[in-house]
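Participant: Residue numbers (the working numbering), protein chains in the order written: chain A, 8 to 475; chain B, 4 to 93.
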């Protein structure tokens, strides 16, 4: 049988798209993704209504989703991360049904267990052959790893691959195999390379960010974890990325040979692989061109599924073998609970991603953040949204001091003995409030606009309607 | 201090504020802020206090705040007043 479809419309018709279905998308094309918008526009043209969009993440480029919700084409949204443009509208109460947030590990667990049922998965495929062997390594929209799409491809009733790089059979390697793909649609373009990967991710030059990163690297040095076999994950933003710059010389000085780097992978982690600081990279998503090149050319840099990355239902997952993870926060409260879903006014502008998964799995989960950001202290009485429970968070590092979870007395002890500025978390809050003043609490509506599912599927928190 | 010409102080950088001042018979204070809900009233109170201290009784003042600390806001307002004002002849 031929899986090739000449138009997206015919693929959607053959796959049996009808009103009320759940359709899924993965976000490796990030803010350059054309596929989600393309599919929803076609669904609208077909007169389809009442769809649930099950996306691993939504970015600003997906703003047309807002109109599809207003017109009733889409009535449900589930995602692990929602950028601020779409997040803002959802926060104001655009959907009747609350958004469901999951984590990068919780989503594939929900899909594979059947708690989330996907009728049709749409896979953005930077390279595909006519039978649906797919990879993200080659083509004009190359994005590297396709890790988040694996469960969608394996579990959806129907799988439609959309590609702008159709190659002769068999495409190699096959990250996603023909065994699970129903239809292949060649289109003009699946993404804008400028939005897919940044040319280069740069380390912050902000002195505050650099100081935080230096303290973070010192915390790792004195955590007792920095020895041969050390494994590490860090984000691509602000101070997180800068930690690599301070960690590398410490590893060199101590002669420590790390085992693996995990997560969304940047060029800086690739550098650390090439320079021998780590032996392997496990990659669920590439953040820049250097990471895409490396995963393509270096056998020690391997694509992994979201299940292997972080699923709590997997027999083991990579996060459970992780020593240290560096994570961000919009707010941290005195119980070490972390908010990465909402801003200080209660508007959705993010999501867990792998935050709660890595915090739960890693031996050392460290939050790096400035003491205050635009006059708002990072430490608050109670976070607006709990994204990651405080019981899984070990340390908060700011430019003015470090707070250690009281459950980790031994760690607090080692850091103090090393001369690092360790304070009770309440003191970090007072320190900030002396400079900023005490912010007035923000009023919110009564209606629940989103539910945050913890990685095991339990309800972690609810997000209330925000007010302008 | 009498405001005799338009003047500005500050920037629109994060954690700063841009303060614009212009002559007017009455005192009109307009505050926009990224932390309006948390600190809007506090910002306006600081602006009015600085104006009082400098004996400014008539001016149009616009504060575009990007999350500046209170000391920054006060400094920007003071500078804008000094740039736009002249001592009253007694």
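Quick reminder that beta carbons are idealized off the backbone N, C-alpha and C, glycines included.
Being a predicted model, the structure only gives us computed values, none of them experimental.
Given a threshold of 16 other Cβ atoms within 10 Å of its Cβ, counted over all protein chains shown, does residue 297/A qualify as buried or as exposed?
Facilitator: With 16 or more other Cβ atoms within 10 Å, it is buried.
Participant: In the DSSP assignment, the beta strand (DSSP E) including residue 82/A goes from what residue to what residue?
Facilitator: Looking at the DSSP string, the run of the beta strand (DSSP E) that includes residue 82/A is 81-86.
Participant: By Cβ distance, which residues of its chain are closer than 7 Å to residue 20/B, with the 5 residues on each side in sequence left out?
Facilitator: Excluding positions up to five away in sequence, the list reads 13, 66, 67, 68, 69, 71, 75, 76, 79.
Participant: Considering only C-alpha positions, which residue in the set 113/A, 437/A, 67/A is nearest to residue 410/A?
Facilitator: If we check each option's Cα against that of residue 410/A, 437/A comes out closest.
Participant: Please determine, among 406/A, 421/A, 422/A, 401/A, the residue with the shortest C-alpha to C-alpha distance to residue 412/A.
Facilitator: When only C-alpha atoms are compared, the closest one is 401/A.
Participant: State the start and end residues of the unbroken beta strand (DSSP E) segment that holds residue 44/B.
Facilitator: Where residue 44/B is concerned, there is no enclosing beta strand (DSSP E), although the alpha helix (DSSP H) it sits in stretches over 39-56.
Participant: Establish whether the CB of residue 30/B and some CB of chain A are separated by less than 9 Å.
Facilitator: So no, residue 30/B is outside the interface.
Participant: On the premise that residue 391/A lies in contact with residue 339/A, defined as a C-beta separation below 8 Å, what is that separation, rounded to the nearest angstrom?
Facilitator: At roughly 12 Å, the Cβ-Cβ gap does not stay under 8 Å, so residue 339/A and residue 391/A are not in contact.
Participant: Would you grab the beta carbon distance between residue 332/A and residue 406/A for me? Rounded to a whole angstrom, and I think it's under 8 Å.
Facilitator: Actually they do not touch by this definition, with Cβ atoms about 20 Å apart.
Participant: Between the C-alpha atoms of residue 399/A and residue 306/A, what's the straight-line distance to the nearest angstrom?
Facilitator: Cα-Cα distance, rounded: 33 Å.
Participant: Over the uninterrupted beta strand (DSSP E) stretch that includes residue 338/A, give me the two end residues.
Facilitator: Residue 338/A -> beta strand (DSSP E) spans 338-340.
Participant: At a cut-off of 8 Å, is residue 144/A close to the ligand ZN when judged by its beta-carbon and the heavy atoms of the ligand?
Facilitator: No copy of the ligand ZN appears in this structure; indeed no ligand is present at all.
Participant: Below 6 Å CB to CB, which residues in the same chain sit around residue 380/A once its five sequence neighbours on both sides are set aside?
Facilitator: Here the set comprises nothing.
Participant: Relative to the C-alpha of residue 49/A, which residue among 63/A, 77/A, 14/A is closest?
Facilitator: Closest option to residue 49/A, Cα to Cα, is 14/A.
Participant: Would you call residue 170/A buried or exposed, if buried means 16 or more other Cβ atoms sit within 10 Å of its Cβ?
Facilitator: It is buried - the Cβ of residue 170/A has at least 16 other Cβ atoms within 10 Å.
Participant: Anything in chain B within Cβ reach of residue 383/A, meaning under 8 Å, just list it in chain order.
Facilitator: Going along chain B in sequence order, the residues near residue 383/A (Cβ under 8 Å) are 38, 41, 70.
Participant: How big is the Cα-Cα spacing for residue 147/A and residue 287/A?
Facilitator: Approximately 27 Å between the Cα atoms of the pair.
Participant: Should the region 458-473 of chain A be called in touch with the region 102-116 of chain A, which here means at least 3 C-beta pairs below 8 Å?
Facilitator: The answer is yes - the region 102-116 of chain A touches the region 458-473 of chain A, with three or more Cβ pairs under 8 Å.
Participant: Determine which residues share a DSSP beta bridge with residue 386/A and list them.
Facilitator: DSSP output for residue 386/A lists 339/A as bridge partner(s).
Participant: Find the nearest neighbour of residue 225/A within the set 427/A, 440/A, 447/A, judged by alpha-carbon distance.
Facilitator: Residue 427/A is the option with its Cα nearest to residue 225/A.
Participant: So with CB distances below 8 Å, who are the chain A contacts of residue 96/B?
Facilitator: Here chain B covers residues 4 to 93 and nothing more, so residue 96/B does not appear.
Participant: Assign residue 475/A to one of two classes, buried (16 or more other C-beta atoms within 10 Å of its C-beta) or exposed (fewer than that).
Facilitator: So residue 475/A ends up on the exposed side.
Participant: Can you find a CB in chain B that lies within less than 9 Å of the CB of residue 214/A?
Facilitator: No, residue 214/A lies away from the interface with chain B (no Cβ there is under 9 Å from its Cβ).
Participant: For a test of the three-state rule: what should DSSP assign to residue 10/B, helix, strand or coil?
Facilitator: Residue state, collapsed to three classes: strand.
Participant: Any beta carbon of chain A sitting closer than 9 Å to that of residue 25/B?
Facilitator: Chain A contact via Cβ: absent.
Participant: Apply the 10 Å Cβ neighbour rule to residue 261/A and answer buried if 16 or more other Cβ atoms are within range, or exposed otherwise.
Facilitator: Result: exposed.
Participant: Check the Cβ of residue 45/B against every Cβ in chain A and list those closer than 7 Å, keeping chain order.
Facilitator: Correct list: 444.
Participant: Got a sec? Which residues, its chain only, sit under 7 Å from residue 237/A by beta carbon, not counting five neighbours each side?
Facilitator: Taken in chain order, the residues that qualify are 263, 265, 266, 330.
Participant: Should residue 45/A go down as buried or exposed, given a rule of 16 or more other Cβ atoms within 10 Å for buried?
Facilitator: With 16 or more other Cβ atoms within 10 Å, it is buried.
Participant: Of the residues that make up the region 446-467 of chain A, which ones have a beta carbon closer than 7 Å to any beta carbon in chain B?
Facilitator: So the close ones are 446, 447, 449.
Participant: Mind checking if residue 209/A is an interface residue toward chain B, Cβ cutoff 9 Å exclusive?
Facilitator: With 9 Å as the cut-off, residue 209/A does not count as an interface residue toward chain B.
Participant: Closer than 9 Å, CB to CB, is residue 165/A near chain B or not?
Facilitator: Output row for residue 165/A: interface = no.
Participant: What number of angstroms, rounded off, separates the C-alpha of residue 139/A from the C-alpha of residue 31/A?
Facilitator: Approximately 17 Å, taken between the alpha carbons.
Participant: State yes or no: is the C-beta of residue 130/A within less than 9 Å of the C-beta of residue 23/A?
Facilitator: Their beta carbons are not under 9 Å apart, which means residue 130/A does not touch residue 23/A by this criterion.
Participant: Here's a check: name, in chain order, each residue in its chain whose Cβ is nearer than 7 Å to the Cβ of residue 60/B, leaving out the five neighbours to either side.
Facilitator: The answer, listed in chain order, is 30.
Participant: Considering just the uninterrupted stretch of the beta strand (DSSP E) at residue 31/A, what are its terminal residues?
Facilitator: Counting along the chain, the beta strand (DSSP E) containing residue 31/A begins and ends at 29-32.
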